[in-house]
Structure formats: structure tokens, C-alpha cells
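Asker: In full-length UniProt numbering, the protein residues as written are 1 to 466. Glycine included, each C-beta is placed from N, C-alpha and C at the ideal position. Quick one: structure below, then a few questions.
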Amino acid sequence: MNAARNRQNTGYISLDIGYLVRRVLRTLFVTLMCAVMAGIGAYIVMDTYMQDTYTANIQLTVLPRDNNAGRLSQYNIDSAITRNVNVLNSDTLQEKIKKSEVAKGVTGTVAAVQIPGTSLISLSATASSAEQAFRLLKAATESYPELAGYFESGYVVKNLSNFSANNIVKNQVSPLKYACVAAALVLMAGVGLTVLIAMFSDKIYSREQAADLLDMDILGVLHRVKKRKGQKGLLISDPMADPSFIEEMDRLATYFQQKMDHRGLKTAIISSIHENEGKTTLAANLALSLAVRGKKVALIDGDLRKPAMAKIFEKEVQEGSSVSDLLEGKVGLKEVMRHSRKYKGLIYVWQKQPVPEADQLLSNGRLKSVLHVFQKHVDYVIIDTPPIGIVRDTEILAGTAEAVILSVKQSGEKAAVLNDVTDLLEETGTTVIGGVINMAQGTGSRKKHRYGKYYYGYGNRRNGDK
1 MNAARNRQNT GYISLDIGYL VRRVLRTLFV TLMCAVMAGI GAYIVMDTYM
51 QDTYTANIQL TVLPRDNNAG RLSQYNIDSA ITRNVNVLNS DTLQEKIKKS
101 EVAKGVTGTV AAVQIPGTSL ISLSATASSA EQAFRLLKAA TESYPELAGY
151 FESGYVVKNL SNFSANNIVK NQVSPLKYAC VAAALVLMAG VGLTVLIAMF
201 SDKIYSREQA ADLLDMDILG VLHRVKKRKG QKGLLISDPM ADPSFIEEMD
251 RLATYFQQKM DHRGLKTAII SSIHENEGKT TLAANLALSL AVRGKKVALI
301 DGDLRKPAMA KIFEKEVQEG SSVSDLLEGK VGLKEVMRHS RKYKGLIYVW
351 QKQPVPEADQ LLSNGRLKSV LHVFQKHVDY VIIDTPPIGI VRDTEILAGT
401 AEAVILSVKQ SGEKAAVLND VTDLLEETGT TVIGGVINMA QGTGSRKKHR
451 YGKYYYGYGN RRNGDK
């Protein structure tokens with residue numbers, strides 16, 4: 001327990017590429033919509049506020065004033081070029097250009113760079129029109145000699161090209177390009193944020209990660225199976241049951257038996273923290289899997305506030321034969337028990353209607369007597385319960401039963417919460433023998449084709465009893 005808590009406190013990360021891909025795909029539509037909206041917004045802004053610009057360019061060369069050997073050295077020429085480029089890009093020259101009559105009222109930029117590997121300087125001026133770019137460039141070349149005299153005596157800067165319309169280039173604005181860049185950035189940011197959140201979240205998504213973070217064992221993984229149209233529940237007794245689901249339940253039943261028999265336990269409740277995490281389906285199929293093995297099993301619907309077991313089996317509960325009638329003392333155990341037609345060792349005890357104050361019935365002591373009777377005549381008692389995080393009924397049932405199995409919806413619950421619930425349940429005196437990762441996607445091979453033929457026939461032999 002302490003090791004798991006320490007890993008959580010130190011920001012433990014369990015990297016699962018498949019899980020990260022699923023998280024990205026799950027949020028991909030929203031991310032794409034945000035990217036498209038960002039692209040459209042960028043396009044509108046760029047198209048509205050950005051205009052085409054024009055760049056005028058001439059080439060300058062730096063020459064020594066005489067044939068002095070020192071000035072002809074490449075080092076000195078490069079130094080002179082560097083000085084001139086710095087002056088051409090200086091704020092002082094920019095101020096002189098603004099005061100020039102040629103460039104009066106013109107806005108734009110002037111920049112100079114050395115052409116690599118040469119003693120040439122490229123001087124360019126950019127403005128919103130060809131005329132303004134030309135005027136800025138002319139003002140720069142006329143204003144520069146006035147500054148050069150203050151710092152340069154051994155070298156002179158000369159124009160290599162004349163001012164010409166051929167040296168003016170139109171810089172067309174491409175709103176679509178900027179829109180695509182904006183959309184791509186938002187898309188990458190969305191994907192990156194999703195990945196980061198997934199990496200640093202301790203929500204349980206795989207058996208391996210659960211083994212690292214949880215204080216309980218993981219008994220098995222049940223993959224998500226789609227219900228057919230009109231199907232009330234997913235049962236392995238259904239002749240059309242998914243073969244891989246049957247295989248997973250069979251494996252889970254094996255681990256359940258090992259855990260229970262090793263500790264000498266018979267009574268187990270199946271619960272979850274929240275609704276819709278597959279606990280009732282898990283309880284029903286665990287009981288069926290044990291009955292297939294010839295075990296005597298009692299399956300009790302302990303969720304009196306929202307009974308669902310009879311609905312899953314598509315059975316009607318007769319008036320006066322519910323769990324609540326038994327706990328109220330209105331009828332005896334024989335009146336509420338229903339035996340499976342197919343599996344002679346399977347006993348059902350169902351609830352017909354919701355009971356508003358179920359906690360009072362569950363804590364009146366009769367349930368403990370009922371479980372004591374069952375323990376003498378069956379191998380296992382499986383009890384479906386309400387979610388732990390909603391009402392206190394499960395805590396009461398946990399104090400009556402011997403073991404607890406938690407149904408954990410994949411990526412639905414944080415490890416810290418599950419560990420707190422484990423501690424809470426064990427404080428009642430029961431044993432949390434493990435959890436089941438339910439409604440899983442992509443956590444291991446399901447081997448459907450390999451075992452499909454065997455299990456399909458196995459399911460057909462079950463036809464006639466749900």
C-alpha cells in the first residue's frame with residue numbers, strides 16, 4: 001500500500017502508447033474543430049489587416065580609397081564591410097531617412113546584409129507600395145554618405161546597380177498559408193495537451209498500470225461488448241454471446257475461485273464507485289461462469305434502490321417474492337428463491353421494485369441470517385450492490401459479506417480514489433480480493449478468432465436458460 005501511495009505522490013507515470021492514442025482519438029473531433037476555427041479566424045484577420053508589400057533592392061560594394069596593402073587585406077575589408085552594415089542598420093540612419101525630403105511621409109523599413117563570401121552589401125527597403133519602397137531606398141543611399149565620413153576614411157561605398165523597377169519585388173500576403181499554420185499549431189497543441197494530461201493522470205486504464213498504482217489485485221479485464229438491438233443485458237448464457245467475452249469471464253471465474261478458496265471465503269459483493277461501470281453485468285456473469293463449472297451459487301440482487309438483475313435476465317419477479325419482502329420478514333427464504341432451469345446449482349434472489357430506505361432493511365440483521373443459511377448449502381454467494389460513492393448500502397453489505405470485488409470502468413476512476421475506497425471497505429472487516437477493469441478497449445489481444453469456434457458452440461449449449 002505504501003509503495004503505491006509513494007508512486008502517486010511522486011508523480012508516477014506509466015506510459016502506454018495504445019492508451020495515449022485512444023485518448024487522442026477520443027478528443028480528436030473537438031481538437032480538429034478548434035484547429036479549424038483557429039484557421040478561419042487567422043485567415044480573416046490576415047486577409048483584413050495584412051497588405052501586400054514591395055521591396056526595392058540595390059547592391060553596394062566596399063572599396064579601399066587607395067592601393068594601400070593594409071587596406072587590401074581581406075581581414076580589413078571584412079571589418080570595413082561589418083562597420084558599414086552596422087551603420088546602414090543603425091537608428092541614426094533611420095532618423096536621417098525620416099527627415100529626408102525624398103522619403104517624407106513614407107513608412108517602411110530599411111535593412112542591409114552582407115552577401116556571404118563577397119565584399120558586397122545588399123541594401124533593401126520595404127514599404128506598402130513600389131513607389132514608397134523606391135523613395136526609402138533612394139533616401140538611404142543619399143543620407144548614408146553624410147554618416148560615412150565620420151567613421152570611414154580608408155574605404156568608400158559605391159552602388160553596383162542602378163535604381164530600376166526591375167529591382168522591385170512584390171511580396172504577396174498569403175492568408176491561407178498563415179491560416180494553415182495557425183490551424184496546425186492549435187492541432188499540435190491540442191494533441192500535446194491531451195497526451196500530457198493522460199500521462200500525468202492516475203486514472204486506471206490497464207492491468208499493468210493498476211498493478212503499479214492500486215492497493216488491490218486486478219482479477220481480470222473485460223472488454224467492451226456492444227449489445228444487440230433489444231438486448232437487455234450481456235450474458236454468457238446467450239447463444240450469440242461474444243466468444244472473447246466468454247473467455248474473459250471464464251478466466252476471471254478461475255481467479256475468483258482461487259482467491260476465495262485460498263482464504264476460505266464464500267460470500268462476495270460486487271460493487272463500483274459510480275453507476276454504469278458494469279458491476280451488475282459482472283455479478284451476473286460471474287455467477288453463471290461458476291455455475292457452468294458445476295458450482296452451487298446464490299446470486300442476490302442487493303441493489304434495492306435500483307434493482308437490475310431481473311431485467312438483465314429478462315425475468316419477471318412475482319409480487320411478494322423480492323429481497324425486500326424477505327428482509328422485512330413477510331416471507332421466508334424458500335418463497336423468494338428461484339432455481340435455474342439449466343444450471344441446477346444456480347439460485348436467484350431478485351428484487352422487483354426500488355426501496356427508498358434500503359439501508360434500514362439491509363442493517364436489520366435478517367440479511368446476515370440469510371447469508372449464514374446460504375453458506376451452509378452453496379459454494380459461493382454473489383451479491384450485486386449499489387455504487388459505493390452514492391449511498392451507504394454497500395458499506396452495510398460489506399460488513400455482512402466476507403469479500404468485495406470492485407468493477408473499475410477503464411479510464412473512469414483515479415487510483416487515489418480507488419485506494420481510499422479499498423481502505424474504507426476493509427475498515428468494515430471485509431476483504432477486497434481484487435478489482436476488474438471493465439468496458440476496456442485495446443488492453444491486450446482478445447484472440448477472438450483463435451477461440452471463437454470453441455466458445456461459440458459452448459454458448460449454443462447454454463441456450464434455453466439465461
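What are the partner residues of GLY435, as DSSP defines its beta bridges?
Answerer: Along the sequence shown, read from residue 1 onward, the residue named residue 435 stands at position 435. According to DSSP, GLY435 bridges with ILE218 and LEU406.
Asker: Counting Cβ pairs, one atom from each stretch, are 3 or more of them under 8 Å apart for the segment 43 to 58 and the segment 164 to 182?
Answerer: Verdict: yes, contact present.
Asker: Evaluate LEU88 with the Cβ neighbour count: other Cβ atoms within 10 Å of its Cβ, from every protein chain shown; 16 or more gives buried, anything less gives exposed.
Answerer: For this step, residue 88 is matched to residue 88 along the sequence shown. Flag for LEU88 reads buried.
Asker: On a Cα-Cα basis, can you pick out the residue from GLY105, ARG135, MET50 and GLN360 that is closest to ASN57?
Answerer: For the purposes of this step, residue 57 is taken as residue 57 along the sequence shown, with counting starting at 1. Looking at the Cα atoms, ARG135 is the closest of the given residues.
Asker: Does the Cβ-Cβ distance between VAL432 and MET216 come in under 8 Å?
Answerer: For this step, residue 432 is matched to residue 432 along the sequence shown. For this step, residue 216 is matched to residue 216 along the sequence shown. Their beta carbons are under 8 Å apart, which means VAL432 touches MET216 by this criterion.
Asker: Rounded to the nearest angstrom, what separates GLU208 and LEU214 at their Cα positions?
Answerer: Residue 208 sits at position 208 when you count from the first residue of the sequence shown. Residue 214 sits at position 214 when you count from the first residue of the sequence shown. One C-alpha to the other measures close to 10 Å.
Asker: Taking buried to mean at least 16 other C-beta atoms within 10 Å of its own C-beta, is GLN410 buried or exposed?
Answerer: Here residue 410 refers to the residue found at position 410 when the sequence shown is read from its first residue. GLN410 should be labelled buried.
Asker: Within 10 angstroms of the Cβ of LEU193, are there 16 or more other Cβ atoms? Answer buried if so, exposed if not.
Answerer: Your numbering for residue 193 matches position 193 in the sequence shown. Exposed is the call here.
Asker: Name the two residues that bound the continuous beta strand (DSSP E) containing TYR348.
Answerer: The count along the sequence shown starts at 1 and reaches residue 348 at position 348. Run containing TYR348: 346 to 349, per the beta strand (DSSP E) assignment.
Asker: Which class does SER445 belong to by DSSP, given the choice of helix, strand or coil?
Answerer: The residue given as residue 445 occupies position 445 in the sequence shown. Any reading at SER445 needs caution, since the residue's pLDDT is 42, under 50, leaving its predicted position unreliable; the model's value is listed next. In this structure, SER445 counts as coil in the three-state DSSP scheme.
Asker: Within a Cβ cutoff of 6 Å, which residues of the same chain sit near THR443, ignoring the five residues on either side of it in sequence?
Answerer: As a first step, residue 443 must be located in the sequence shown, where it is residue number 443. Per-residue confidence for THR443 stands at a pLDDT of 47, beneath the threshold of 50, marking its modelled position as unreliable; the derived number appears in the next sentence. Closer than 6 Å at the Cβ level, and outside the excluded window around THR443, lie SER206 and VAL221.
Asker: Along the chain, where does the alpha helix (DSSP H) containing VAL417 start, and where does it finish?
Answerer: Within the sequence shown, residue 417 is the residue found at index 417, counting from 1. Note, VAL417: alpha helix (DSSP H), 415 to 427.
Asker: How is the beta strand (DSSP E) around ASP301 delimited, first residue to last?
Answerer: Translated into the one-based positions of the sequence shown, residue 301 becomes position 301. Per DSSP, ASP301 belongs to the beta strand (DSSP E) from 297 to 301.
Asker: Let me confirm a value: GLY108 is counted as buried when at least 16 other C-beta atoms fall within 10 Å, else exposed. Which label applies?
Answerer: Indexing the sequence shown from 1 puts residue 108 at position 108. Label assigned to GLY108: buried.
Asker: Quick check on the burial criterion: 16 or more other C-beta atoms within 10 angstroms. Buried or exposed for MET249?
Answerer: In the sequence shown, residue 249 corresponds to position 249, counting from 1. Buried, by the Cβ-count rule.
Asker: With DSSP as the reference, label GLN172 as helix, strand or coil.
Answerer: Position 172 of the sequence shown, counted from the first residue, corresponds to residue 172. In this structure, GLN172 counts as coil in the three-state DSSP scheme.
Asker: From SER122 to LYS158, what does the alpha carbon distance come to, in whole angstroms?
Answerer: For this step, residue 122 is matched to residue 122 along the sequence shown. For this step, residue 158 is matched to residue 158 along the sequence shown. SER122 and LYS158: Cα-Cα distance of roughly 12 Å.
Asker: Determine the contact status of ALA182 and GLY39, defining contact as a CB-CB distance below 8 Å.
Answerer: Within the sequence shown, the letter at position 182 stands for residue 182. Within the sequence shown, the letter at position 39 stands for residue 39. Taking 8 Å as the Cβ cut-off, ALA182 and GLY39 qualify as a contacting pair.
Asker: Any idea what DSSP makes of ALA241, helix, strand or coil?
Answerer: For this step, residue 241 is matched to residue 241 along the sequence shown. In the structure shown, ALA241 sits in coil (DSSP, three-state: anything other than H, G, I, E or B).
Asker: Would you call VAL113 buried or exposed, if buried means 16 or more other Cβ atoms sit within 10 Å of its Cβ?
Answerer: Along the sequence shown, one-based indexing puts residue 113 at 113. Flag for VAL113 reads exposed.
Asker: Is the beta carbon of VAL195 closer than 8 Å to that of VAL436?
Answerer: The count along the sequence shown starts at 1 and reaches residue 436 at position 436. The count along the sequence shown starts at 1 and reaches residue 195 at position 195. It is not a contact, given that the beta carbons lie outside the stated cut-off.
Asker: Can you give me the C-alpha to C-alpha distance between ALA308 and LYS296, rounded to a whole angstrom?
Answerer: Within the sequence shown, the letter at position 308 stands for residue 308. Within the sequence shown, the letter at position 296 stands for residue 296. When rounded, the distance between both Cα atoms is 22 Å.
Asker: My output table needs one value for ARG263: the three-state DSSP class, helix, strand or coil.
Answerer: For this step, residue 263 is matched to residue 263 along the sequence shown. Here ARG263 sits in helix by DSSP.
Asker: Leaving aside the five residues before and after LEU346 along the sequence, list all residues of the same chain whose C-beta is less than 6 Å from its C-beta, in chain order.
Answerer: What you label residue 346 is simply residue 346 of the sequence shown in a count that begins at 1. These residues qualify, in order along the chain: ALA291, VAL297 and SER340.
Asker: Per DSSP, what are the beta-bridge partners of GLN59 in this structure?
Answerer: Against the sequence shown, residue 59 aligns to sequence position 59. BP columns for GLN59 point to SER122.
Asker: Thinking C-alpha only, which one of ARG263, LEU286, GLN258 and TYR255 is nearest ILE269?
Answerer: Indexing the sequence shown from 1 puts residue 269 at position 269. If we check each option's Cα against that of ILE269, LEU286 comes out closest.
Asker: Below 6 Å CB to CB, which residues in the same chain sit around LYS138 once its five sequence neighbours on both sides are set aside?
Answerer: Position 138 of the sequence shown, counted from the first residue, corresponds to residue 138. So the list reads VAL102, once near-sequence residues are dropped.
Asker: Give the DSSP-derived three-state secondary structure of VAL181 in the structure shown.
Answerer: Taking the sequence shown and counting its residues from 1, one reaches residue 181 at position 181. It is helical.
Asker: Take VAL349 as the anchor and find which of ASP359, MET337, GLU357 and LYS342 has the nearest alpha-carbon.
Answerer: The sequence position of residue 349 within the sequence shown is 349, counting from 1. Closest option to VAL349, Cα to Cα, is MET337.
Asker: In three-state terms, what does DSSP make of ASN167?
Answerer: Locating residue 167 in the sequence shown gives position 167, counting from the first residue. Note: ASN167 maps to helix in three-state DSSP.
Asker: Go to ASN162, then tell me how far its alpha helix (DSSP H) extends in each direction, as first and last residue.
Answerer: Taking the first residue of the sequence shown as 1, we reach residue 162 at position 162. From DSSP, ASN162 is part of no alpha helix (DSSP H); its letter is neither H nor E.
Asker: Could you please give me the residues that DSSP links to HIS339 through a beta bridge?
Answerer: Numbered from its first residue, the sequence shown carries residue 339 at position 339. Beta-bridge pairing links HIS339 to ILE347.
Asker: Does the segment 359 to 372 come into contact with the segment 389 to 397, if we say contact requires no fewer than three beta-carbon pairs (one atom in each stretch) closer than 8 Å?
Answerer: With a cut-off of 8 Å, the segment 389 to 397 and the segment 359 to 372 count as touching, because enough Cβ pairs lie within range.
Asker: Compute the Euclidean distance between the alpha carbons of ALA198 and LEU20, then round it to the nearest angstrom.
Answerer: Here residue 198 is taken as the residue at index 198 of the sequence shown, counted from 1. Here residue 20 is taken as the residue at index 20 of the sequence shown, counted from 1. The straight-line gap from Cα to Cα measures roughly 7 Å.
Asker: In the DSSP output, what is ASP384 paired with across the bridge?
Answerer: Here the question's residue 384 lines up with position 384 in the sequence shown. In the DSSP output, where bridge partners are listed per residue, ASP384 has ILE270 and ASP301.
Asker: Is SER244 closer than 8 Å to HIS262 when the C-beta atoms are compared?
Answerer: To locate residue 262, count along the sequence shown from 1; it is residue 262. To locate residue 244, count along the sequence shown from 1; it is residue 244. No, Cβ-Cβ distance for HIS262 and SER244 is not below 8 Å.
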